[in-house]
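*Asks:* What follows is a single structure, and I will ask about it in a moment.
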Amino acid sequence: MKIGIIGYGFVGKSLHRGLNDSVTVMNIDPLLENNIEDLSNFNPNVIFICVPTPMNEDKSQDITIIKSVIDEILHNNIDSLIVLKSTVLPNHIKEIQNLIPRFVYNPEFLREKHADEDFIKSNLIVFGGNPENTHELAKIYKEYTKCICKEYIHTDATAASLIKYTINSFLSLKVIFFNELKSLFDESGSNESWSNFVDSLSRDIRIGSSHMQVPGHDGRLGYGGACLPKDANALNEYSIKLKNKLNLLDASIKINNQLRSFYDSETQRELDQNIKFTVDDNN
0 MKIGIIGYGF VGKSLHRGLN DSVTVMNIDP LLENNIEDLS NFNPNVIFIC
50 VPTPMNEDKS QDITIIKSVI DEILHNNIDS LIVLKSTVLP NHIKEIQNLI
100 PRFVYNPEFL REKHADEDFI KSNLIVFGGN PENTHELAKI YKEYTKCICK
150 EYIHTDATAA SLIKYTINSF LSLKVIFFNE LKSLFDESGS NESWSNFVDS
200 LSRDIRIGSS HMQVPGHDGR LGYGGACLPK DANALNEYSI KLKNKLNLLD
250 ASIKINNQLR SFYDSETQRE LDQNIKFTVD DNN
């Protein structure tokens, strides 16, 4: 089995490290000083695309890098199963499907600091696309990766995209709710600690234990990083374009922007994705 990985950031690296030793891998990345043309001679069975999708100035999604990658794959007549792991909205997914017959959308659900562990131990592996293609990829996962999960979700690529965006956007809502709840808790006069209070809530399996820490892992209020702000804004803009605005998500984004605007600057990972926490004076 020969696998090509385009984009060697934390997603590409966790994928590579999660493959069995029997797999021959070629990584393509500008920092590695190679290019997609090199994949022509390598002739991989499958190519995973793991490149960034930063935020545009209008908070929509920038898929320029993905389009460039696909153009080069087509230009070099590479006949491999093409698997996209980058986070991409449904409308763009449809465009890509029209260009590549053997295509599967396989979104990642990784925490950046725990990407290797999350790839191997994930309980959610989604394959979106034509059933023939998704089952081909499922077979590759079963036989050539270290993933423990062997029960997969097979769906169409549009639903796969919405699954990814729904999960991240819901988690962003959860962060904002617990930020506001923390303020209420502090004013309530309780002698209990916030950590014990949150631990009590987490015993209810419907709530879970993630995304309840205030401040967050970066020591700041609200949510930041390279994923949640970008994905929440992208889904929000997508809903507005479809004239089906997600009002709750839109409101939570505005609250988050207010919380994050108190800090002097964005983190480096946020800057890399062109993430800005701008407060609209009209709201």
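Position one of the sequence shown corresponds to residue 0 (numbering that gives the first Met the number 0), numbered consecutively onward. No residue lacks a Cβ here, since even glycine has one placed at the ideal position from N, Cα and C.
Going by the beta-carbon positions, is the gap between residue 84 and residue 105 smaller than 7 Å?
*Replies:* yes
*Asks:* Closer than 8 Å by C-beta to residue 49: which residues in its own chain qualify, once you throw out the five before and the five after it? Chain order, please.
*Replies:* The residues are 4, 5, 6, 7, 8, 10, 11, 14, 84, 85 and 107.
*Asks:* Note the first and the last residue of the continuous beta strand (DSSP E) segment covering residue 104.
*Replies:* 102-104
*Asks:* Cα separation between residue 263 and residue 276?
*Replies:* 11 Å
*Asks:* Whole-angstrom Cβ separation of residue 242 and residue 272, contact assumed at under 8 Å?
*Replies:* Going by Cβ atoms, the distance from residue 242 to residue 272 rounds to 27 Å, so no, they are not a contact pair.
*Asks:* So, is residue 110 buried or exposed, given that buried needs 16 or more other C-beta atoms within 10 angstroms?
*Replies:* exposed
*Asks:* Tell whether a beta-carbon distance below 7 Å holds between residue 210 and residue 173.
*Replies:* Yes; because the gap between Cβ atoms is below 7 Å, this pair is in contact.
*Asks:* Give me whichever residues DSSP pairs with residue 46 in a beta bridge.
*Replies:* DSSP output for residue 46 lists 3 and 81 as bridge partner(s).
*Asks:* Against chain D, with Cβ distances strictly below 7 Å, would residue 192 count as a contact?
*Replies:* The structure shown contains no chain D; it holds only a single protein chain.
*Asks:* Select from 96, 25, 26 and 56 the residue whose C-alpha is nearest the C-alpha of residue 66.
*Replies:* That would be 96, whose Cα lies nearest to the Cα of residue 66.
*Asks:* How would you call residue 91, buried or exposed, if buried means at least 16 neighbouring beta carbons within 10 angstroms?
*Replies:* buried
*Asks:* Ignoring anything shorter than 3 residues or poking outside the segment 147-206, list the beta strand (DSSP E) runs there in chain order.
*Replies:* 152-154
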